[in-house]
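*Asks:* Supplied in structure tokens, the structure appears directly below.
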Amino acid sequence: MKEIILTLTALMVFMPMQAKAFCGFYVAKADADLFNEASKVVMSREEDRTVMTMANDFQGDVKDFAIVIPVPTVIKKSQVNVADNKLIDHLDSYTAPRLVEYYDDNPCHQRVYMEAMRSGAAPMTSMDSEAFKEAKKLGVTIEESYTVGEYDILILSAKESDGLLKWLNNESYKLPKGAEPILKSYIKQDMKFFVAKVNVKEFESSGFTYLRPLQVAYESEKFMLPIRLGTLNAKGPQDLILMTLTKKGRVEPVNYRTTKIPTGNDIPLFVANEFGDFYKAMFATQVEKEKMKTVFLEYAWDMAWCDPCAADPLQPEELRELGVWWLDEGTGMMLPGRRAMPPQAVNAYVTRMHVRYDAKTFPEDLVLQVTEDRQNFQGRYVMRHPWNEEADCEEATAYYQDLTKRFEKEAKTLANLTGWDISDIRKKMEENGQSFDMKPHKDERPWWEQMWDNG
Amino acid sequence: MLERLRTISQDPRHFQILTLGSLLCFLFFFYDFAPAIEIIPFVVGTCLLTQYVFTKVFKLSHFDFRSPFITSLSLCLLFKASVFLLYPIAALLAIGSKFVIRYEGKHIFNPANFGIVALLFLAPDMVWISPGQWGSALWLALALAAFATLVLLTARRGDMTIFFLLSWVFFVFGRALWLGDPLSIPLLSMQSGALLIFAFFMISDPKSTPDHIVGRALFTFVTAGIAYTLQYHFQIREGLFYALFFMSMTTPLIDSFFKSQRYQWRQA
């Protein structure tokens, strides 16, 4: 019996989870009503080298955009780069939780196997000498000052947090309440501050209509992501999607627990129309279950291959731009029915973590480590289409009896995962071709009409 | 029956086995990233077999399964490797060290700690510890502490755990006070399951730690200090295990300054 495998083209389903901020925090220059709810960050890490790429989907007036990020070392101009939005978006959709669909075989006949796949991509000035003097008076040292792309960047070190706070306020970076003790803690840990705002002139001449992601490369034993400042000006808990690229294996926080997002569950067909809502509800339920104390693993996989692939694999050039400097000239793994990477990029491992946090349950920055764990994991949800054409045999009767049980199980699974009302789920299933009373489909036409299909 | 129970309860190792065993079960049922189930028979088997072989080689009076069993459970809980073979190797080295690396009739290293650190040195690209895997479920810590209190009551070296935890509190809370951080940060660190397992089951090993109480206090304080420095200033996540490893080597020296009676497991 021949097995036919058809792959439909990938459809994008957007999740209504908007990525809105950096892991640092926005400071409004005018009293704009800004808040950060979610941020998307890519970190590549090997040896003591880190490249951090921070997505920027700031929506307001670019003049109001400003960020302060604690960094472990002084960052020179050549260590900063402005990347393309597409890079992060590509990695995001490549690693996003996915919906897979299968079609049941004819219970009477040969197998016809189709697979479709949907990806739930998470939509998720240079200083004058006066300023230097002023800063010095307040115990703030401007270590570096430069413009990269549309951003004016300062690297600050400070002796006292109140001086730093005062200086930032004088420079009209408006800091949220409660920032001072945190700044103080970072200063004592010998952290520097990466301060960026938009150079409007550069931005206008760049021709871009949006702010591009900032990239920072540095060498430090410290492998961590500062999240503490970010909790200050957020209204309630916020989301962070952290994607890491490493040579060895999965990245995990050492000071918080990692939990795998539920995966492999069979869910009703109608979810295809509202995959974003489904994922959002499921994530919220899981967060609640874990009392918002864990980091969720959504994807962990060798970049050399994917199965199923939620998006086209990243090109070696894209990986390099995201900080994978160790990429070698290995050979890609070709597996039948799967998409393999072009032959260069094999020794990169991607981890996607999703964390919802606030200052209460995540009081400390994420301290990370690269492990040797290379086990594959993906958030994957399965829809199984029942056989809905002619089936007139004994097996079909059993098949249809089983279907009802199966649908009921799917409904329960979905209710458990999302906390949705089960009767609503059943109703939606009925409306979407999953009747709880499906019967074997018999062709009642005369045999000659069946033969020529002309009835 | 009651008499039998009393005899069993006199050996703290029974409580240790019970606690570590329940923890392992807990991991399997409730946590992701639990150790792969197939490693357990290999680690336990290798530990027991190594102990048996060395008992015969060194012509010891009897084979006692309890200590190697505790070592194997600690290894299953803490040690992670990307290559399966490394699990039995760690078990072999752990138990082997107990018989081979000795000074004046006392083994130098806590076996599980030796197994872990040896592999961290020998195969740094293939092994790791997941200190965060345990999360900070407070009640887990409390349950552990409650079990451990039972152990402490019966074990003469329970003071090591208390000394160590106090020293750790000194360092992490001291750091938070100095930085002006909220106390929820050091509390998070105190709730780490790896830290508690280390404190209750590794550093408290009566066979590889100083005999005199002052020696033990000194030993734990310096261990905590080194671990803290490695972890917070050198960003070495396995700091606790390295610290104990290095400090274990000073035990004979500390013993020579503070002399006291040698510890013997009470026979059940």
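Protein chains in written order, with our numbering: chain A, 2 to 456; chain B, 19 to 286.
C-beta atoms are modelled at their ideal positions from N, C-alpha and C, and glycine is treated no differently.
1. Taking Cβ positions only, does Thr264(A) come closer than 8 Å to chain B?
2. Is the stretch 63-82 of chain A close to the stretch 299-307 of chain A, with three or more CB pairs under 8 Å?
3. Please report the Cβ distance between Val383(A) and Asn266(A), rounded to the nearest whole angstrom; I am assuming they are in contact, meaning their Cβ atoms lie under 8 Å.
4. Assign Gly121(A) to buried or exposed, taking buried as 16 or more other Cβ atoms, counted over all protein chains shown, within 10 Å of its Cβ.
5. For Arg339(A), count the other beta carbons within 10 Å of its own beta carbon; 16 or more makes it buried, fewer makes it exposed. Which is it?
6. Would you say Ile57(B) lies against chain A (beta-carbon separation less than 8 Å)?
7. Can you pull the chain A residues whose beta carbon is under 9 Å from the beta carbon of Trp152(B), in chain order?
8. CB Tyr358(A) to CB Ile228(A), shorter than 8 Å?
9. On the CB-based measure, 16 or more other CB atoms within 10 Å of its CB, does Ile423(A) come out buried or exposed?
10. Taking the straight line between their C-alpha atoms, what separation do you get for Thr232(A) and Leu201(B)?
11. Determine the direct distance from the alpha carbon of Tyr103(A) to that of Cys491(A), and round the result to whole angstroms.
12. Check whether the Cβ of Val145(B) lies closer than 8 Å to any Cβ atom in chain A.
13. Residues of the stretch 265-279 of chain B with a CB closer than 7 Å to any CB of chain A: list them in chain order, please.
14. What residues from the stretch 196-220 of chain B come within 8 Å of chain A, judged by C-beta to C-beta, listed N to C?
15. Under 8 Å, Cβ to Cβ, is there at least one residue of chain A near Pro149(B)?
16. Nearest CA to the CA of Ala312(A): which residue from Ala97(A), Ile70(A), Ser79(A)?
17. Indicate the three-state DSSP secondary structure (helix, strand or coil) for His355(A) in the structure shown.
18. Listed from N- to C-terminal order along the chain, which residues in the stretch 38-64 of chain B have their beta-carbon within a distance smaller than 7 Å of any beta-carbon of chain A?
19. Which residues in the same chain have their Cβ closer than 6 Å to the Cβ of Met439(A), if we skip the five residues on either side of it in sequence?
20. Closer than 7 Å by beta-carbon distance: list the chain B residues that pair up with Glu253(A), in chain order.
21. Could you name the residues of chain B that Ser186(A) contacts, counting a contact when the two beta carbons are closer than 7 Å?
22. Alpha carbons only, please: which of Gln249(B), Phe239(B), Ser278(B) is nearest the one belonging to Ser266(B)?
23. Cβ of Arg375(A) less than 8 Å from any chain B Cβ?
24. Excluding the five sequence neighbours on either side, which residues of its own chain have a C-beta within less than 8 Å of the C-beta of Ser185(B), listed in chain order?
25. What is the C-beta distance between Ile134(B) and Ala108(B), in whole angstroms, given that I count them as a contact (C-beta under 8 Å)?
26. When the Cα atoms are used, what is the spatial distance from Leu35(A) to Asn170(A)?
27. Inspect the beta-carbon positions of Leu206(B) and Gln190(A) and report whether they are closer than 8 Å.
28. Once DSSP output is grouped into helix, strand and coil, what is the label at Tyr384(A)?
29. Between Glu365(A) and chain B, is any beta-carbon pair separated by less than 8 Å?
30. Is Lys223(A) close to chain B? Criterion is C-beta to C-beta, closer than 8 Å.
31. Along the stretch 246-257 of chain B, what residues have a CB closer than 7 Å to any CB found in chain A?
32. Under the assumption that Tyr105(B) contacts Phe60(B) (Cβ atoms under 8 Å), give the Cβ distance between them as a whole number of angstroms.
33. Ser100(B) touches chain A at which residues, Cβ-Cβ below 8 Å?
34. Under 9 Å Cβ-Cβ, which residues of chain B neighbour Pro182(A)?
35. Ignore the nearest five residues each way along the sequence and tell me which others in Ile272(B)'s own chain have a CB closer than 7 Å to its CB.
36. Alpha carbon to alpha carbon, what distance is there between Ile221(B) and Met44(A)?
*Replies:* Quick answer:
1. Here residue 264(A) corresponds to residue number 263 of the first sequence, with the count starting at 1. So no, Thr264(A) is outside the interface.
2. Judged by Cβ distances under 8 Å, the stretch 63-82 of chain A makes no contact with the stretch 299-307 of chain A, as fewer than three pairs qualify.
3. Locating residue 383(A) in the first sequence gives position 382, where the first residue counts as 1. Locating residue 266(A) in the first sequence gives position 265, where the first residue counts as 1. That pair is a contact at about 7 Å.
4. Here residue 121(A) refers to the residue found at position 120 when the first sequence is read from its first residue. Interpretation of Gly121(A) is limited by its pLDDT of 42, a score under 50 that renders its predicted location unreliable; the figure taken from the coordinates is listed afterwards. So Gly121(A) ends up on the buried side.
5. For this step, residue 339(A) is matched to residue 338 along the first sequence. At Arg339(A) the pLDDT is 49, less than 50, meaning the model places this residue with poor confidence; the figure from the coordinates comes in the next sentence. Per the 10 Å Cβ criterion, exposed.
6. Within the second sequence, the letter at position 39 stands for residue 57(B). No, because no Cβ of chain A sits closer than 8 Å to the Cβ of Ile57(B).
7. As a first step, residue 152(B) must be located in the second sequence, where it is residue number 134. Residues of chain A with a Cβ closer than 9 Å to the Cβ of Trp152(B) are, in chain order, Arg258.
8. Stepping through the first sequence from its first residue, residue 358(A) is reached at position 357. Stepping through the first sequence from its first residue, residue 228(A) is reached at position 227. With contacts defined by Cβ atoms closer than 8 Å, Tyr358(A) and Ile228(A) form a contacting pair.
9. Counting from one through the first sequence, the residue named residue 423(A) turns up at place 422. Exposed, by the Cβ-count rule.
10. Residue 232(A) sits at position 231 when you count from the first residue of the first sequence. Residue 201(B) sits at position 183 when you count from the first residue of the second sequence. Each residue's Cα considered, the two are about 17 Å apart.
11. The structure shown does not extend to residue 491(A), since chain A is modelled only from 2 through 456, so no value can be given for it.
12. For the purposes of this step, residue 145(B) is taken as the residue at position 127 of the second sequence. Taking 8 Å as the CB threshold, Val145(B) lines the interface with chain A.
13. Residues of the stretch 265-279 of chain B with a C-beta atom less than 7 Å from some C-beta of chain A do not occur.
14. Taking 8 Å as the Cβ-Cβ cut-off against chain A, the residues of the stretch 196-220 of chain B that qualify are Trp196, Leu197, Gly198, Asp199, Pro200, Ser202, Ile203, Leu206, Ser207, Ser210.
15. Position 131 of the second sequence, counted from the start, is the residue given in the question as residue 149(B). Pro149(B) counts as touching chain A.
16. For the purposes of this step, residue 312(A) is identified with residue 311 of the first sequence, where counting begins at 1. Among Ala97(A), Ile70(A), Ser79(A), the Cα nearest to that of Ala312(A) belongs to Ala97(A).
17. Residue numbering aside, residue 355(A) sits at position 354 when the first sequence is read from its first letter. In this structure, His355(A) counts as strand in the three-state DSSP scheme.
18. Listed in sequence order: Asp50, Phe51.
19. Against the first sequence, residue 439(A) aligns to sequence position 438. Within the same chain, Tyr401, Leu404 come within 6 Å of Met439(A) by CB-CB distance, once the 5 residues on both sides are set aside.
20. Here residue 253(A) refers to the residue found at position 252 when the first sequence is read from its first residue. Correct list: Ser148, Gly150.
21. Reading the first sequence from its first residue, position 185 is the one you call residue 186(A). Residues of chain B passing the Cβ test: Leu197, Gly198, Asp199.
22. The residue you call residue 266(B) lines up with position 248 of the second sequence. Nearest neighbour of Ser266(B) by Cα position, chosen from Gln249(B), Phe239(B), Ser278(B), turns out to be Phe239(B).
23. Locating residue 375(A) in the first sequence gives position 374, where the first residue counts as 1. Nearest CB-CB separation between Arg375(A) and chain B: below the 8 Å threshold.
24. Sequence index remark: in the second sequence, residue 185(B) carries index 167 (1-based). Correct list, in chain order: Thr238, Phe239, Thr241, Ala242, Gly243.
25. Start at 1 with the first residue of the second sequence, and residue 134(B) comes out as number 116. Start at 1 with the first residue of the second sequence, and residue 108(B) comes out as number 90. The Cβ separation is near 7 Å, so the contact holds.
26. Residue mapping note: residue 35(A) aligns to position 34 of the first sequence, counting from 1. Residue mapping note: residue 170(A) aligns to position 169 of the first sequence, counting from 1. Note on Leu35(A): pLDDT 34, under 50, position unreliable in the model; the coordinate value appears next. The alpha-carbon of Leu35(A) is positioned some 17 Å away from that of Asn170(A).
27. Along the second sequence, read from residue 1 onward, the residue named residue 206(B) stands at position 188. Along the first sequence, read from residue 1 onward, the residue named residue 190(A) stands at position 189. With respect to the 8 Å criterion, Leu206(B) and Gln190(A) are not classified as neighbours on the basis of their beta carbons.
28. As a first step, residue 384(A) must be located in the first sequence, where it is residue number 383. Sequence inspection shows Met at residue 384(A); the Tyr mentioned does not correspond to that position. Strand at Met384(A).
29. Sequence index remark: in the first sequence, residue 365(A) carries index 364 (1-based). Chain B contact via Cβ: present.
30. Along the first sequence, one-based indexing puts residue 223(A) at 222. So yes, Lys223(A) belongs to the interface.
31. Residues Phe252, Gln253, Arg255.
32. Counting from 1 along the second sequence, the entry for residue 105(B) is found at position 87. Counting from 1 along the second sequence, the entry for residue 60(B) is found at position 42. Sure, about 6 Å apart at Cβ, within 8 Å.
33. Against the second sequence, residue 100(B) aligns to sequence position 82. At a C-beta separation below 8 Å, Ser100(B) has these neighbours in chain A: Gly250, Glu373, Asp374, Arg375.
34. Indexing the first sequence from 1 puts residue 182(A) at position 181. Chain-ordered, the chain B residues with CB closer than 9 Å to the CB of Pro182(A) read Leu197, Gly198, Asp199, Pro200.
35. Translated into the one-based positions of the second sequence, residue 272(B) becomes position 254. Shown here for Ile272(B): same chain residues with a beta carbon closer than 7 Å to its own, the five before and five after excluded, namely Pro228, Gly233, Leu236, Phe237 in chain order.
36. Translated into the one-based positions of the first sequence, residue 44(A) becomes position 43. Translated into the one-based positions of the second sequence, residue 221(B) becomes position 203. Rounded to the nearest angstrom, the two C-alpha atoms are 36 Å apart.
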